[in-house]
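Residue numbers for the sequence shown follow the working numbering, so the first one is 153 and each next one is one higher.
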Amino acid sequence: MGEHLKEKWDRRYAAAEGTGDIAWVLEENRHLLPSHGEALDLASGLGANALARAGLQVSAWDISPVAIDRLREIAEKQGVSLSAEVRDVIASPPEPASFDLILVSHFLGRSLMPAITSALRKGGLLFYQTFTRTSVTDEGPSNPDFRLADNELLNLFGELKIRVYREEGVLGDTSKGWRDRAMLVAEKTV
Numbered sequence: 153m154g155e156h157l158k159e160k161w162d163r164r165y166a167a168a169e170g171t172g173d174i175a176w177v178l179e180e181n182r183h184l185l186p187s188h189g190e191a192l193d194l195a196s197g198l199g200a201n202a203l204a205r206a207g208l209q210v211s212a213w214d215i216s217p218v219a220i221d222r223l224r225e226i227a228e229k230q231g232v233s234l235s236a237e238v239r240d241v242i243a244s245p246p247e248p249a250s251f252d253l254i255l256v257s258h259f260l261g262r263s264l265m266p267a268i269t270s271a272l273r274k275g276g277l278l279f280y281q282t283f284t285r286t287s288v289t290d291e292g293p294s295n296p297d298f299r300l301a302d303n304e305l306l307n308l309f310g311e312l313k314i315r316v317y318r319e320e321g322v323l324g325d326t327s328k329g330w331r332d333r334a335m336l337v338a339e340k341t342v
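Pasting the structure below:
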């Protein structure tokens with residue numbers, strides 16, 4: 153990814169307050185987390201600490217050096233251990249069969265999806281959430297290329313066994329629920 157994209161994310165993380173939110177897909181499905189293993193928070197931003205607090209060996213990758221520096225500071229203050237690396241995940245995807253769990257939150261690189269599937273070990277879990285084109289607010293990217301079409305997330309990971317899926321779209325009372333996003337937890341069974 154270009155220098156422009158790295159600079160954009162550096163600016164965003166330099167201005168960000170707090171310690172990074174726990175990904176909702178992780179928060180809602182914490183009971184599915186393995187008790188041990190190697191986890192990757194891909195395009196991590198500031199959020200990888202939740203996996204480390206769950207007892208997993210965590211690698212956090214992000215294109216933004218600012219995000220990685222802040223993540224390291226937060227981890228030290230919280231007393232958690234993780235490996236944080238500045239990495240362009242499109243140019244340098246994870247190696248095959250290298251993780252027991254992969255978390256992706258608010259990142260959409262469609263070309264990377266086969267590598268994500270391949271990077272899971274047998275029995276490994278994918279926790280994924282990102283924005284959808286069907287939305288009720290302006291939250292998220294304005295470029296539709298960085299938003300999922302209806303049910304697209306299901307199709308992107310067809311080789312995995314879907315354990316949890318949620319995409320509410322504009323169904324029912326749009327002032328309630330989890331809108332503007334899709335989330336999935338899937339298992340690599342072979």
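Even for Gly, the Cβ is constructed at its ideal location relative to N, Cα and C.
Predicted, not measured: the structure shown is a model, and the values here were computed from it.
- Around the beta carbon of Asn-295, fewer than 16 other beta carbons lie within 10 angstroms, which makes this residue exposed.
- Rounded to whole angstroms, the gap between the alpha carbons of Asp-290 and Pro-246 is 32 Å.
- Put simply, the backbone Cα of Lys-274 is about 8 Å away from that of Asp-252.
- For the 9 Å CB-CB criterion, Val-177 and Arg-205 do not form a contact.
- A Cβ-Cβ contact shorter than 9 Å links Asp-214 with Arg-239.
- Secondary-structure assignment with DSSP links Thr-284 through a beta bridge to Leu-300.
- In the pairwise beta carbon analysis, the region 259–270 is classified as not touching the region 314–321: fewer than three pairs are separated by under 8 Å.
- Counting along the chain, the unbroken beta strand (DSSP E) around Val-210 starts and ends at 209–214.
- Looking at Ala-168, Glu-180 and Ser-235, the one whose alpha-carbon comes closest to that of Asp-193 is Ser-235.
- From the listed residues Arg-262, Leu-223 and Ile-226, the smallest Cα separation to Ile-242 is found for Arg-262.
- Taking the CA atoms as reference points, Trp-330 sits about 29 Å from Gln-209.
- Here the alpha carbon of Gly-310 sits roughly 18 Å from the alpha carbon of Thr-284.
- When the alpha-carbon of Asp-332 is set against those of Lys-340, Leu-272, Ala-301 and Leu-308, the nearest one is in Ala-301.
- Take Val-342, set aside five residues on each side of it, and the residues of its chain with a beta-carbon closer than 7 Å to its own are Lys-274, in chain order.
- Short of 6 Å from the beta carbon of Met-335, and not among the five residues preceding or following it, lie these beta carbons of its own chain, in chain order: Val-177, Gln-281 and Arg-318.
- Between the alpha carbons of Arg-224 and Ser-244 lies a gap of roughly 21 Å.
- Closest by C-alpha distance to Lys-158, out of Ala-195, His-183, Arg-182 and Glu-179, is Ala-195.
- Bounds of the beta strand (DSSP E) holding Arg-318 are 313–318.
- Relative to the Cα of Thr-326, the nearest Cα in the group Asp-173, Glu-339, Ser-287 and His-258 belongs to Ser-287.
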